Amino acid sequence: MADKQSTGLNQQLASIYQRIRQDQAEQALPDIRTLLAAWPQSADVHHLAALAYKAMRQDKQAIEFFLQALNLNKLQPEVHNNLANLYKSKGMYVDAEKHYRLAISLQPGFVSALRNLALCLSSRSEYQLAIKTFTSLLSLKPDDVSALSGLADCYRESGATQAAEQTYRKALALAPEHLNAWHNLGLTHHLKGELEEALGCYRKAFAIAPDRPEVLQSLALSLHEAGATAEAMSLFTDYLEKHPESVVTHERFNEMLWETEFDGQFGTSYLKAIEKLPELLEIRLSFISQLFRAGQNDFASLAVDEAALLFDESHELLSLKGQIQAQALDYAGATESLAASLERQFSKDAAQQLTKLYIIQEHYVKAQDLLDRLFAADPDCQLNWALQSLVWRLCGDERYAWLNDYDRLVKPFQLETPPGYASLQDFLEAVSSVLQNMHRTQHAPLQQTLRHGTQTPARLLHNPHPVLVGLQAEIRKVVQRYIDSLPEDVANKSSHPLLRRKTGNFEFAGSWSVKLHPQGFHVNHVHPAGWLSSSCYISIPQSMDGDSSGQQGCIKFGESPLQLGDREVVEMIIKPEPGMVVLFPSYMWHGTYPFSGESNEYRLTAPFDVAPA
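Quick note on the working numbering: the sequence shown kicks off at 1252 and runs consecutively.
Written out as structure tokens, the structure reads:
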């Protein structure tokens, strides 16, 4: 009898599972509840309930049922894998990794769990561990094309471009139409500065999947980089005619336009999309955000008011409205809008913006309350620590000096002359020649801090050009010297946002080049993606040598962008020299003074961010 009951249960489970796979999870719930009542100790029934709720995107209930299934029977690799997949989809990578590893320990040859674990590790930028996991998978299944492509992705992200190219080509030998391999091989060539080869790969990927937005964006932006801006614009325009809902494509297109002589067309694609899809909030939010970043605040404000008529001031609209009001110095209105946004739904960005307003208006207790909430969600956020430093300084809290020990934590170094060069000046001239060829745009990017200058894309120090490889090698020596010199005698070191994350090793989290023209400068800012940050000075204008004030083109620390008047303070100024590398914690406020000079003069740098490894 028990066997018959078990057989009947298995048949019901199989039938319901098929319904879930056919997008009928909600209709299957009554039957699942009946089974739960009849079989309360069945791990399989709880697993099925978890899969149903996951299919319905009710993640909280899904997680509860996955955990209940494991409480009833921990020896279920498939359940661990499915729970880990859900955790990974929510960005809960630590929990995901735990359950992937449990699944693999229970079933060592579990290919799906190995693949998912490798992807999870890659999502956390733990590329060496991901490479090891992909390699284990490929030892079991050498012709797994998705694993080969994933392995190549890890090689590319970790800077091993030659290994990446070889592995992508191995995947393509097995699957000549593999989209991701073609596209990401293009990214690898692009990273190596091989633009023509990259374009060939992007064109192949575009022929396979012309509707994939990331493929279209890579192809169009590379065409623009190659000087074929008209063709790039045509590709973007045609794609957005077919896919006006593609927010990221609108953003990439308009960011490209902003940096070119076609900046007069900035925003046009959004207007056409809004006319076609007036009730799509995401398009309006992106448009407003782009207008705001472009300094077109009056247009942004009008767009907010128009959107509010349709969407009853959603929390995203209220947040943007508050930022626009703050830019117009309407601090009372901005505070009201941002507070209302947070009442509807807490978001990191709105909370940080409101914290800034509280600091501006000297409401330090309210600012600290919001910071406490922000730190609870993200204890390593560099902007949170920058705002915390302001609150502590303005309240006379001694922890400000503990956090921002400028004399010990801000350090200038000098690059050494790499092998093969007669002098450091010869090397810097070679670097300058390479970098200037990369500065092809006419305006600064929308989302960056520079004024009157241009900026190259990120990952400069991953470029395999021999000169840049030499630059990276010399910078690595400097960064290691800085890390090795970090103080050990700091009180409460275990809670210090810089010192507690020191591992002794590091990796580059971002690197780029900035070319400032006369009157150019960086507004005061921090580096949210870093742990350590730096500017490496390649060339400085002659006008800085004759500056009697000693401030032109200098980097300054301590002054915020909040325009606090006599409450602002510049704690340190460093005058750059060619070959100088200034290292500092990424959470420190810093900016530069403008410099004067002839129109052909410039200040060329190679900033970068570093993360612990």
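No residue lacks a Cβ here, since even glycine has one placed at the ideal position from N, Cα and C.
Predicted model only: the values in this text are computed from it and were never measured.
Under 7 Å, do residue i and residue j count as touching if we go by C-beta distance?
i, j, result
"residue 1571", "residue 1602", "no"
"residue 1864", "residue 1758", "yes"
"residue 1832", "residue 1787", "yes"
"residue 1638", "residue 1606", "yes"
"residue 1524", "residue 1539", "no"
"residue 1421", "residue 1399", "yes"
"residue 1859", "residue 1762", "yes"
"residue 1320", "residue 1335", "no"
"residue 1803", "residue 1835", "no"
"residue 1516", "residue 1522", "no"
"residue 1795", "residue 1657", "no"
"residue 1713", "residue 1342", "no"
"residue 1578", "residue 1548", "yes"
"residue 1608", "residue 1585", "yes"
I need the boundaries of the beta strand (DSSP E) containing residue i, first residue and last residue.
i, result
"residue 1501", "Note, residue 1501: premise wrong, no beta strand (DSSP E); alpha helix (DSSP H) at 1498 to 1509."
"residue 1862", "1859 to 1863"
"residue 1823", "1823 to 1825"
"residue 1842", "1841 to 1843"
Where residue i and residue j are concerned, what is the direct C-alpha to C-alpha distance, given to the nearest angstrom?
i, j, result
"residue 1407", "residue 1706", "22 Å"
"residue 1438", "residue 1855", "26 Å"
"residue 1630", "residue 1636", "9 Å"
"residue 1841", "residue 1826", "13 Å"
"residue 1413", "residue 1379", "16 Å"
"residue 1776", "residue 1417", "40 Å"
"residue 1812", "residue 1431", "41 Å"
"residue 1679", "residue 1848", "21 Å"
"residue 1588", "residue 1554", "16 Å"
"residue 1402", "residue 1385", "6 Å"
"residue 1344", "residue 1375", "7 Å"
"residue 1353", "residue 1457", "39 Å"
"residue 1318", "residue 1267", "20 Å"
"residue 1721", "residue 1735", "22 Å"
"residue 1478", "residue 1502", "20 Å"
"residue 1806", "residue 1766", "15 Å"
"residue 1327", "residue 1349", "14 Å"
"residue 1708", "residue 1691", "11 Å"
"residue 1816", "residue 1844", "17 Å"
Counting only the same chain and skipping the five closest in sequence on each side, list residues whose C-beta sits under 8 Å from that of residue i.
i, result
"residue 1464", "1490, 1494, 1497, 1499, 1500"
"residue 1829", "1675, 1676, 1679, 1788, 1789, 1790, 1791"
Can you name, in chain order, every residue of its own chain whose Cβ lies under 7 Å from the Cβ of residue i, other than the five neighbours on each side?
i, result
"residue 1905", "Because the chain here runs from 1252 to 1864, residue 1905 falls outside it and cannot be looked at."
"residue 1303", "1271, 1276, 1279, 1280, 1283"
"residue 1633", "1777, 1778, 1779, 1781, 1837, 1838"
"residue 1820", "1809, 1810"
"residue 1365", "1355, 1384, 1387, 1388"
"residue 1369", "1381, 1384, 1385, 1388, 1401"
"residue 1254", "Because residue 1254 carries a pLDDT of 48, less than 50, the predicted location of this residue cannot be relied on, and the following value inherits that uncertainty. Contacts found: none."
"residue 1702", "1695, 1771, 1772, 1774"
"residue 1424", "none"
In terms of residues, what are the limits of the alpha helix (DSSP H) holding residue i?
i, result
"residue 1492", "1480 to 1493"
"residue 1386", "1378 to 1391"
"residue 1610", "1599 to 1611"
"residue 1217", "The shown model of the chain, from 1252 to 1864, leaves out residue 1217, and the question about it has no answer."
Here's a check: name, in chain order, each residue in its chain whose Cβ is nearer than 6 Å to the Cβ of residue i, leaving out the five neighbours to either side.
i, result
"residue 1851", "none"
"residue 1591", "1569"
"residue 1483", "1471, 1474, 1475"
"residue 1419", "1403, 1432, 1436"
"residue 1595", "1566"
Taking 6 Å as the cut-off, is the CB of residue i close to at least one heavy atom of the ligand MN?
i, result
"residue 1819", "Looking for the ligand MN in the displayed structure turns up nothing, as the structure carries no ligands at all."
Of all Cβ atoms in chain B, is any one closer than 7 Å to the Cβ of residue i?
i, result
"residue 1435", "Any reference to chain B falls outside this structure, which holds one protein chain only."
May I ask you to verify whether the segment 1448 to 1459 touches the segment 1469 to 1476, counting CB pairs closer than 8 Å and requiring at least 3?
yes
If contact is defined by three or more beta carbon pairs under 8 Å, each pair taking one atom from either stretch, is the segment 1739 to 1746 in contact with the segment 1757 to 1772?
no
Three or more C-beta pairs under 8 Å: does that hold for the segment 1608 to 1625 against the segment 1640 to 1653?
yes
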